[in-house]
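Have a look at the structure below before the remarks.
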Amino acid sequence: MTKHAAIFWPLCVLMVMLTAVPDGLAVEQPVAVQSVKIAGLQVAVWIPHRGTPGPWPIIIFSHGFYGCNTQVSFLMRSLAGVGYAVFAPAHRDMDCTDPSLFEQKSIESFAVPGSWTDTKFADRAHDIEHLLDELAKDPRYSGSHFDRKHVGLIGHSLGGYTVLSVAGAWPKLKDVRAKAVLALSPFALPFIRNKTLGGLDAPVMYQGGTRDGMTMFLKMPGGAYDQSPAPKYFVEFDQMGHRGWTDADVTQHEDIESYSVAFFDLYLKRKPFPAKLLKPYPGIDDLKIQK
Numbered sequence: 003m004t005k006h007a008a009i010f011w012p013l014c015v016l017m018v019m020l021t022a023v024p025d026g027l028a029v030e031q032p033v034a035v036q037s038v039k040i041a042g043l044q045v046a047v048w049i050p051h052r053g054t055p056g057p058w059p060i061i062i063f064s065h066g067f068y069g070c071n072t073q074v075s076f077l078m079r080s081l082a083g084v085g086y087a088v089f090a091p092a093h094r095d096m097d098c099t100d101p102s103l104f105e106q107k108s109i110e111s112f113a114v115p116g117s118w119t120d121t122k123f124a125d126r127a128h129d130i131e132h133l134l135d136e137l138a139k140d141p142r143y144s145g146s147h148f149d150r151k152h153v154g155l156i157g158h159s160l161g162g163y164t165v166l167s168v169a170g171a172w173p174k175l176k177d178v179r180a181k182a183v184l185a186l187s188p189f190a191l192p193f194i195r196n197k198t199l200g201g202l203d204a205p206v207m208y209q210g211g212t213r214d215g216m217t218m219f220l221k222m223p224g225g226a227y228d229q230s231p232a233p234k235y236f237v238e239f240d241q242m243g244h245r246g247w248t249d250a251d252v253t254q255h256e257d258i259e260s261y262s263v264a265f266f267d268l269y270l271k272r273k274p275f276p277a278k279l280l281k282p283y284p285g286i287d288d289l290k291i292q293k
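According to this note's numbering, the sequence shown is numbered sequentially starting from 3.
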């Protein structure tokens with residue numbers, strides 16, 4: 003060994019000892035989003051890391067009106083991190099650049115919800131159906147790692163309307179592949195007015211917030227929760243507004259992740275629902291569960 007090597011070799015060993023992390027304590031990097039084309043659809047995709055136990059149930063996310071398919075990426079990363087393959091199609095109204103378009107466009111488009119029929123924004127439901135059809139054919143996502151028999155849907159705002167449509171709130175748009183539906187502050191008034199939520203054919207979890215304008219229609223007597231068949235859940239987060247489910251507001255992300263993962267784990271992986279989530283705790287203003 004040369005003189006210089008004799009000096010630096012102990013230092014190298016010391017650096018390895020200081021920086022090495024035991025396998026049991028290693029922290030895996032969050033799942034990164036990919037932007038891909040699937041049969042003509044632009045889709046944001048979060049795939050679990052190699053080695054994540056499978057098979058991985060499929061989750062489809064529907065973004066809000068003039069929203070972005072990556073607007074709730076914190077939750078998509080969380081789900082992919084525990085073994086779900088998440089796909090978020092870009093609907094025709096998607097806009098990832100100007101959040102103010104939601105306010106500009108929604109007043110006219112969302113007027114008179116009682117007059118809505120299954121033709122209103124039906125293109126969004128068709129996107130989901132088409133995406134599920136094509137995932138089974140795409141060699142990138144058709145392998146044994148992907149569990150296409152257990153499909154979950156997530157939607158925020160108008161995306162919530164979309165996934166409720168696909169789950170049976172509009173019978174003509176119903177897709178029997180949907181096995182669990184997570185509706186984040188959904189625009190549910192068309193279904194409430196037309197009394198069609200009884201057609202839901204999958205367990206549903208509604209999430210709302212004390213500062214969110216949509217939530218009152220979920221929890222009011224005769225509202226979305228009351229009209230929906232069991233199994234059904236309603237979680238209301240304290241001090242949270244309509245954008246609380248987006249990456250822009252981190253107020254309740256941990257609680258959102260906890261309830262969302264627990265819901266899908268129960269109905270897509272048959273894991274028990276954590277006992278600690280069965281009762282309200284600080285940060286949870288209201289909780290209703292009917293199994």
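Cβ coordinates follow ideal geometry from the N, Cα and C atoms, glycine included.
Where the beta strand (DSSP E) through residue i begins and ends
i, result
"GLN209", "206 to 211"
"PRO192", "Where PRO192 is concerned, there is no enclosing beta strand (DSSP E), although the alpha helix (DSSP H) it sits in stretches over 191 to 196."
Among the options, the one whose alpha carbon lies nearest that of residue i
i, options, result
"GLN73", "VAL47, PRO59, PRO57, ARG52", "VAL47"
"LYS295", "LEU134, GLY285, ARG195, GLN31", "In the structure as shown, the chain begins at 3 and stops at 293. Residue 295 is therefore absent and cannot be evaluated."
"TYR143", "LYS271, ALA41, TYR208", "ALA41"
"ASP95", "GLY69, PHE193, GLY224", "GLY69"
"LYS273", "LEU280, VAL263, ASP129", "VAL263"
"GLU131", "SER146, VAL114, ARG150", "ARG150"
"LEU81", "GLY56, PHE67, CYS98, ALA226", "GLY56"
"LEU220", "LEU202, ILE194, VAL38, GLY201", "ILE194"
"GLY201", "PRO223, VAL165, MET222, MET218", "VAL165"
"PHE67", "PHE112, VAL153, ASP267, GLY225", "PHE112"
Same chain, Cβ closer than 6 Å to residue i, neighbours up to 5 away in sequence not counted
i, result
"ALA92", "GLN44, ASN71"
"ALA87", "ILE49, TRP58, ILE60, PHE148"
"LYS176", "GLY170"
"SER167", "ALA127, LEU175"
"ALA90", "ALA46, PHE63, ASN71"
"CYS98", "CYS70"
Opposing strand residues paired with residue i [DSSP bridges]
i, result
"TYR235", "MET207, ILE291"
"GLY154", "ILE61, ALA182"
"TRP247", "For TRP247, which the question treats as bridged, DSSP gives no partner whatsoever."
"ILE40", "LEU43"
"PHE89", "VAL47, ILE62"
"PHE123", "PHE123 pairs with nothing; no bridge assigned."
"ILE286", "PHE239"
"ASP149", "PRO59"
7 Å CB neighbourhood of residue i in its chain, flanking five on each side removed
i, result
"LYS174", "ASP120"
"SER75", "VAL35, ASP249"
"MET242", "GLY211, THR212, ARG213, ASP214, THR253, GLN254"
"LEU279", "SER260, TYR261, ALA264"
"LYS197", "GLN229"
"LEU77", "ILE258, GLU259, SER262"
"TRP172", "ASP120, THR198"
"ARG52", "none"
Run of the alpha helix (DSSP H) containing residue i, from where it starts to where it stops
i, result
"GLY162", "160 to 166"
"THR253", "Note, THR253: premise wrong, no alpha helix (DSSP H); not H, not E."
"LEU220", "217 to 221"
"ALA113", "Segment: none, ALA113 is in no alpha helix (DSSP H) and carries neither H nor E."
"PHE76", "75 to 83"
"TYR227", "226 to 229"
Assumed close pair residue i, residue j - CB separation to whole angstroms, cut-off 8 Å
i, j, result
"TYR208", "ALA232", "Contact doesn't hold; Cβ gap of about 13 Å is too wide."
"HIS65", "GLY161", "5 Å"
"PRO205", "LYS234", "7 Å"
"PRO32", "LYS122", "Going by Cβ atoms, the distance from PRO32 to LYS122 rounds to 36 Å, so no, they are not a contact pair."
"VAL183", "LEU155", "5 Å"
"PHE189", "TYR227", "Between TYR227 and PHE189 the Cβ distance is about 15 Å, and since that is not below 8 Å, they are no contact."
"SER187", "HIS158", "6 Å"
"ASP203", "VAL178", "7 Å"
"HIS152", "LEU268", "Going by Cβ atoms, the distance from HIS152 to LEU268 rounds to 11 Å, so no, they are not a contact pair."
Proximal residues to residue i (C-beta, below 8 Å), its chain only, five neighbours per side dropped
i, result
"ILE286", "VAL237, GLU238, PHE239, ASP240, ASP257"
"LYS281", "LEU289"
"LYS293", "ALA232, PRO233"
"THR217", "SER187, GLY210, GLY211, GLU238"
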